[in-house]
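Sequential numbering from 240 applies to the sequence shown in my numbering. The next block holds one structure in the form of structure tokens; read it before the comments.
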Amino acid sequence: MTIFILRLYWFIENVFYLFSMSFAAGGTMETVTIKDVARQSGYSITTVSRVLSGSDYPVSADAREAIEACAARMDYVPNQLARGLKTNSSREIAVITPSLRNPFYTTIITSIESALSQNGYNMLVFLRKRTDGAGDEFLARLTSKMVAGVLIATNSVSPDMGRGLRQLKERKIPVIVFDDAVDGFSDLRGIFFDYHRGGRQAAQTLYAHGHRKVALITLDFMEQTTRKSFVGGFSEYFREMGHPLREDRDIFISTEPDDFTAGAALAEKVFASGRSYTALAANNDSVAAGAIAAMLRRGVRVPEDISVIGMDDNIYARMTTPPLTTVHVPAREMGDMAVRYLLEEMEGKPLAFSLYMQSDVIERDSLCNIKQTGENNMHLYLSETKEDLGRAAAKLIAQRIREAIARQGFARIVLSTGASQFETLEALVKEDVDWSKVTMFHLDEYVDLPMTHIASFRKYLTERFVNLVHPREAVFVNGEGDVEKNIAELTRRLTEKPIDVGVIGVGENAHIAFNDPPADFETRESYIVVNLNERCKKQQVGEGWFATEEDVPKQAISMTPYRIMQCRTIVSPVPKAVKAEAISAVLRAETVTPMIPATLMKTHPDFHLFIDRDSAAQCSREVLDRYM
């Protein structure tokens with residue numbers, strides 16, 4: 240019922256709006272001209288023109304009275320544009336828009352009309368989409384009307400408008416663009432909204448609420464500059480976070496002219512895909528409202544079954560059931576500013592550069608958090624390269640560190656080592672973090688291996704982390720001297736307060752730290768001495784830390800699986816083809832098993848596994864889709 244009322248409201252409003260616009264734009268109503276009045280009154284065109292224009296040229300009183308009476312009967316309206324041509328003082332402003340049905344554009348145009356009226360100008364509205372063609376011809380006709388200025392929406396600007404825009408410039412008719420920047424017309428100034436940033440904001444909001452399986456529904460963004468920007472920003476964010484949207488699976492596009500109808504149809508396509516999305520993002524609120532209507536008809540609950548987010552913050556956002564979470568686009572302010580800067584250009588004060596308006600997400604009841612329980616808690620991130628993986632993992636690690644500092648004034652972290660962590664550490668030290676408030680621990684160290692040895696993890700972290708960021712404190716695992724005493728002191732320091740972030744690698748045999756299979760899941764110690772198996776030793780040689788397996792120490796001090804699981808957040812960066820077998824085993828495993836130690840982390844409430852195309856090479860699409 241709510242959706243029906245909403246549609247009826249907008250139908251009535253747009254009927255009246257379009258009716259009023261028909262007069263402003265010349266519309267379909269037949270205009271009475273001086274020639275018509277002359278023919279009806281029996282006087283010459285010259286005489287009629289003199290009377291109706293208010294000329295001082297002498298005309299008899301009888302003729303003047305007859306002509307004025309005839310003009311009144313015929314509802315003659317003086318042609319202000321023609322007067323402007325003679326006086327060079329036109330009071331007409333052309334507004335070009337791709338739509339009068341979309342609430343976003345009607346809001347902007349209403350704002351423009353109000354601002355122009357306050358400044359003594361009339362508004363002429365022209366409907367034109369950027370795909371209509373013959374842009375030069377259109378602007379040529381517009382130029383002939385001798386308007387004082389032009390306001391044009393981005394999605395009305397087409398590549399074939401170059402000559403027409405130059406003609407406007409030659410006649411000193413200023414042009415201001417609104418909505419979004421225009422590709423190929425860098426010299427056009429305007430008032431824009433950063434739709435790319437808006438897309439990222441929408442994506443970030445969904446991501447922050449735990450959503451990883453997201454469908455994006457949109458109108459044909461290849462024909463709409465602004466929507467293309469939104470889609471680009473949205474997709475970019477999820478790609479950076481290791482959850483890229485696939486165009487053939489996760490992005491649903493419609494060419495339906497009505498946004499609401501398109502949204503409903505696109506929602507049906509999402510359901511037909513058979514994929515269990517937790518959230519749906521729409522490129523505008525009208526599309527989102529149509530999708531919600533389709534969901535209600537199906538008995539799908541919003542947000543309990545699926546969350547929804549839109550963009551614009553128009554009337555749909557407030558009238559849907561439930562009210563829609565959306566990226567607020569300041570349409571009214573955009574219209575006001577477009578008029579302001581157009582008038583300044585008309586006064587000889589050209590806009591030096593385009594202005595971008597920004598906004599925030601308005602959270603309403605269509606969005607909820609995803610509560611994670613059990614092994615499905617795992618967040619899986621797939622990157623194209625190890626470098627992309629490192630940057631994505633580092634961003635999340637840094638985010639969690641900053642959250643801890645904001646919450647308690649400090650952060651405590653555990654770092655992993657080895658060749659698989661190079662890219663992550665390289666990116667992490669560049670992140671904006673107050674390292675003076677961070678205490679670092681690490682996972683493991685070889686027994687009786689001096690810190691000067693190339694394979695020493697103390698040396699590794701000193702060179703790649705400690706000496707670069709200078710944390711508050713670095714608490715090392717020391718495998719030299721009295722190992723038992725070292726473990727006792729290390730345990731005391733580690734357990735003083737919780738660990739906020741654990742960066743935990745996965746070995747080629749799926750070990751975590753040096754807990755080779757079968758790992759000890761039962762011990763409640765924090766660190767133990769373990770014997771390294773053959774597969775583990777081969778990995779150390781393969782990474783170049785030792786010349787032969789005989790050179791690898793037989794034992795190491797390792798953080799236990801139990802203690803790893805006590806970290807508030809676990810981040811596991813696992814790139815490279817040598818880890819493909821281990822990753823496949825972890826993801827395919829239906830149960831937690833000490834024979835695949837890393838499966839234990841799948842039960843952690845905040846576990847994030849980062850893989851790249853190489854480490855995912857042995858995983859089927861079906862397996863990846865289970866977690867992404």
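Backbone N, C-alpha and C define an ideal beta-carbon position, used for all residues, glycine too.
Beta-carbon proximity of residue i to residue j, cut-off 8 Å
i      : j      : result
GLY629 : THR663 : yes
ASP790 : LEU771 : no
MET550 : GLY437 : yes
PRO561 : VAL539 : no
ALA333 : VAL389 : yes
HIS868 : ASN553 : For residue 868 there is no data in the structure shown, the boundaries of the chain being 240 and 867.
PHE753 : ILE809 : no
VAL716 : GLU684 : yes
GLU747 : VAL817 : yes
ALA530 : ASP489 : no
ILE391 : GLY574 : no
MET867 : LEU621 : yes
Assigned secondary structure, residue i (DSSP; H/G/I helix, E/B strand, else coil)
i      : result
TYR774 : What sits at residue 774 in the sequence shown is Arg, not Tyr. Helix, per DSSP.
ASP418 : strand
MET840 : helix
VAL742 : strand
ALA263 : Confidence at ALA263 is low in this model, with a pLDDT of 39, below 50, so the placement of that residue is unreliable and no value is reported for it.
SER468 : helix
PRO812 : strand
GLN279 : helix
ASN522 : coil
ALA501 : helix
GLN638 : helix
HIS435 : helix
ALA591 : coil
ARG651 : strand
ALA373 : coil
TYR801 : helix
GLY574 : helix
SER493 : strand
ALA454 : strand
Status (buried if at least 16 other CB within 10 Å, exposed otherwise) for residue i
i      : result
GLN779 : buried
PRO496 : exposed
ASP524 : buried
THR336 : buried
SER261 : Low local confidence applies: a pLDDT of 38 at SER261 is under 50, so the model's placement there is unreliable, and no value is given.
GLN660 : buried
GLN647 : exposed
SER283 : exposed
ASP851 : buried
SER512 : exposed
THR494 : exposed
GLN440 : buried
GLN319 : Low confidence applies here, because GLN319 scores a pLDDT of 45, under 50, leaving its location unreliable and the question unanswered by this model.
PRO589 : exposed
ASN327 : Residue placement at ASN327 cannot be trusted, given a pLDDT of 45 that sits under 50; what the coordinates show is reported in the next sentence. Exposed: under 16 other Cβ atoms inside 10 Å.
PHE377 : buried
ARG860 : exposed
Candidates the options, of which the one nearest residue i by Cα
i      : options                           : result
PHE849 : LYS815, GLU861 and THR832         : LYS815
PRO689 : GLY281, ALA795 and THR336         : ALA795
VAL416 : SER515, ARG410 and ILE430         : ILE430
MET558 : MET534, ALA528, VAL568 and MET573 : ALA528
VAL769 : VAL722, LYS411 and PHE680         : VAL722
SER280 : PRO297, TYR296 and ARG303         : ARG303
VAL740 : ILE548, SER811 and GLU702         : SER811
TYR555 : MET585, THR444, ASN725 and SER605 : SER605
GLU586 : PRO413, THR565 and TYR434         : PRO413
ASP864 : VAL287, ARG485 and GLN443         : ARG485
THR734 : TRP784, MET798 and ALA666         : MET798
TYR344 : ASN361, GLU331, ASN394 and ALA311 : ASN394
ASP599 : TYR434, PHE649, ARG731 and LEU363 : TYR434
ASN706 : LEU729, SER675, ARG732 and GLY720 : SER675
GLU623 : ILE306, SER854 and PRO342         : SER854
PHE477 : ASP487, THR444 and LYS467         : THR444
TYR766 : LEU563, ARG774, GLU728 and LYS776 : GLU728
ALA658 : GLY783, CYS858, ARG537 and THR457 : GLY783
6 Å CB neighbourhood of residue i in its chain, flanking five on each side removed
i      : result
THR656 : PHE696 and TYR699
MET872 : The question about residue 872 has no answer here: the residues shown for the chain are numbered 240 through 867.
Neighbourhood of residue i by C-beta, 7 Å cutoff - its chain only, sequence neighbours within 5 removed
i      : result
THR838 : VAL825, ALA828, VAL831 and THR832
LEU654 : MET679, HIS681, LEU700, PHE704 and VAL742
LEU635 : VAL810 and HIS847
LYS736 : ARG651
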